[in-house]
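A short worksheet on the structure shown next.
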Amino acid sequence: MSAGAAALLAEAASRLAGDAAGDSSGDLAQEQADQLSYHQRLAEDGLIFMRAEPDYVDLTLPLSTALSAEACDREEIFAAAITLLVAQLAKVEKNRSLSQEHLVDVVAARLSLFDLHGALAFLKHPHVAGMAKARQLTAEVVSLINETEDYGCAVGMANEDILARAAGARTPLDKRPVILMPAAAFRRNKIDYPGFRADIRFGLSAMLAAFENNKVPYAVRSRLRTHGFIDLPAPSFSYHTISRGNLGLHFKETDRPSLFSFDSRGYAGWSEFSDFSLEQLRAAAVDQQEADAFFEEEKRRVIGGNLSKYRQASVADNEDLPKNFIFVALQLIGDAVSQLAYLSLFEMVEEVVRTAEAKGLSVVIKRHPLCTTSEVSRFLSKLVAEGRVVQVYSSIHAIIPKALAVCVVNSGVGAEALLHEKPVYVFGRADYMAGCFVCRQPGDFAAQFVAGESRLRPDELRKFWFLLRKRYAIDLRDRDKAAAEIEARVMEHLRLTMRDAPSSQ
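The letter at position 314 of the sequence shown is residue 314 when you use UniProt numbering, and the numbering goes up by one with no holes.
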């Protein structure tokens, strides 16, 4: 790498780090605009660097550049980045030394291009076939190909689409419904719960099966990144996305493994479900006995099983807690749903601490298990040193039962606290907010807080929980039952939207 290019890359990284930092409590529209600007700079700088250093081999750079370009709808940068990625793949795969050096990245890139068979062909090439890592990856790719055999044609269509995008030759959409094939279904991350990517692929396969079973013609579009607005002129079906209108059906994992939400506006606080009150959800029509039985079953399984989105310490390994306290559960700064915060994580904590001190109560805080942000570390260390909060590491299921109330921005811990029948205060939009007190501005928590007083009556809570977990979400653990429910949702969505889809231009 030349000194000039290195300086360019360092300057871009420094500027982007500064853009990414800052106060998260601003107007939601401004926060989203800042995110778009951030991704636009990442995309532009990535492309500038790659063109300045054509001999620099890093398969992750064109891929991350394409991801950012897709986020800010810069299709021309996306096309250039994918073209460069394909060129780098060809260069690496022809060279034994480069193939071995970039083995894992080649496979990840091929899978991100929806080229499962290309990944397998590379792994079987003499350049790498004898490597232990190649044998491991070969088994994984073969398993993927076998698993996706029933909808391999759709995966192939996604591969054709992403290459057509790179060539500037994408076929315009017509009136057919559209499946957005997510590259996330073929990626993996060390924080995934076991079977997470298989759950995403199952959701896709069930949607595609619904089309096939009902002889509905459909189109396939490629989608590299998660999150972002999808507003197409035809009914669409996509993972981890949001929309301004109601033509899309969006699915995403919730705060619980294998429980996926399906919603016409998005997920979490972007969902249409989150806009509705109990009356609008027609909670009164839910059978009380059925709701009661489901709620108790959930308590036995989730609380009794110490289940949460992230692995928890044993309930038996609990720490000493103050007698009367408010529990505050923190979440990751920069997570997509942080855009929906009414108050920042820091503002929330400060308001809760002030209110608790005025009432003679303690505050117990649990940091997100994956949070390593230095700003959060310094903030909590100061509060702990001053004796204003107690920081704990126990299972949330050991902490919540002893709390007078639970405060979150919009973390899934808030939903889990509802199952414990605790008062919950949210400082941002959440899909479960109809069951909570909502704090939209400084002073709202102090004005609303009454120790031990919940937003809903016990009977209302049970009906709301039934709707949250059974109408808004589908449990994928029972594959046959889930496939039938997904097919019903797909066909209902088509029934409601096909007549509303605008004509293609």
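Just so you know, even glycine gets a beta-carbon here, dropped at the ideal spot from N, CA and C.
Query: 6 Å Cβ shell around Asp58 - same chain, five flanking residues per side excluded; Result: none
Query: Contiguous alpha helix (DSSP H) assignments of at least 4 residues, all confined to the segment 409–474; Result: 412–419, 444–448, 458–466
Query: Cβ shell of residue 538 (< 8 Å), same chain only, five flanking positions each side left out; Result: Past the edges of the chain, shown from 1 to 505, lies residue 538, and the structure says nothing about it.
Query: Minimum C-alpha distance to Arg479 - residue among Ala109, Ala185, Ala206, Leu47; Result: Ala206
Query: For residue 518, the first and last residue of its enclosing alpha helix (DSSP H); Result: Since the displayed the chain opens at 1 and closes at 505, residue 518 lies outside it and no answer follows.
Query: Residue(s) in a DSSP beta bridge with His250; Result: Ser238, Asp263
Query: Neighbourhood of Glu453 by C-beta, 8 Å cutoff - its chain only, sequence neighbours within 5 removed; Result: Pro423
Query: C-alpha distance - Glu485 paired with Ile474, whole-angstrom precision; Result: 7 Å
Query: Cα-Cα separation, Phe229 to Ile242; Result: 5 Å
Query: Any 3 or more C-beta pairs closer than 8 Å across the segment 207–223 and the segment 257–276; Result: no
Query: Which listed residue (Gln280, Pro369, Leu259, Gly248) has its alpha carbon closest to that of Gly266; Result: Gly248
Query: Those runs of the beta strand (DSSP E) which lie wholly inside the segment 288–348 and span at least 3 residues; Result: 325–329
Query: Separation of Ser394 from Glu296, as counted between CA atoms; Result: 24 Å
Query: Beta bridge counterpart(s) of Ser362 as assigned by DSSP; Result: Phe325
Query: Delimiting residues of the alpha helix (DSSP H) encompassing Met491; Result: 479–497
Query: Run of the beta strand (DSSP E) containing Leu180, from where it starts to where it stops; Result: 178–182
Query: Unbroken beta strand (DSSP E) run spanning Arg223, endpoints; Result: 219–223
Query: Own chain residues within Cβ distance below 7 Å of Leu84, not counting five before or after; Result: Met50, Pro62
Query: Endpoints, beta strand (DSSP E) assigned at Gln100; Result: Note, Gln100: premise wrong, no beta strand (DSSP E); alpha helix (DSSP H) at 96–101.
Query: Coarse secondary structure for Cys153, derived from DSSP in three states; Result: helix
Query: Inter-residue Cα distance where the pair is Pro322 and Ser362; Result: 7 Å
Query: Option in Ala166, Ser264, Val128 with minimal Cα separation from Ala69; Result: Ala166
Query: Selection from Ser411, Glu350, Phe202 that minimises the alpha carbon distance to Arg256; Result: Ser411
Query: Extent of the continuous alpha helix (DSSP H) to which Val384 belongs; Result: 374–385
Query: Cutoff 6 Å; reference Ala329; Cβ partners in own chain excluding five residues on either side; Result: Lys366, Val408, Ser411, Val413
Query: For Val406 and Ala183, the rounded distance between their alpha carbons; Result: 36 Å
Query: Member of Leu340, Glu351, Glu298 whose CA lies at the smallest distance from the CA of Leu419; Result: Glu298
Query: Minimum Cβ-Cβ distance from Gly435 to chain D less than 7 Å; Result: Checking the listed chains, one finds no chain D in this structure; it contains a single protein chain.
Query: Spatial neighbours of Asn146 in its chain, beta-carbon cut-off 6 Å, leaving aside the 5 residues before and after; Result: none
Query: Selected residue, minimal CA-CA separation from Ala283, among Phe464, Thr148, Thr226; Result: Phe464
Query: Contact set for Leu173: own chain, Cβ-Cβ below 7 Å, skip 5 residues either direction; Result: Ala219, Leu232, Pro233, Ala234, Ser504
Query: Beta-carbon proximity list for Asp459, same chain, < 7 Å, skipping 5 on both sides; Result: Gln288
Query: Ala405 (DSSP reduced to helix, strand or coil); Result: strand
Query: Contact test: Ala293 Cβ vs the ligand MN heavy atom, cutoff 6 Å; Result: This structure does not include the ligand MN; it has no bound ligands of any sort.
Query: Own chain, CB closer than 8 Å to Gln40, minus 5 neighbours either side, in chain order; Result: Ser68, Cys72, Arg74
Query: Element boundaries [beta strand (DSSP E), containing Val390]; Result: 390–392
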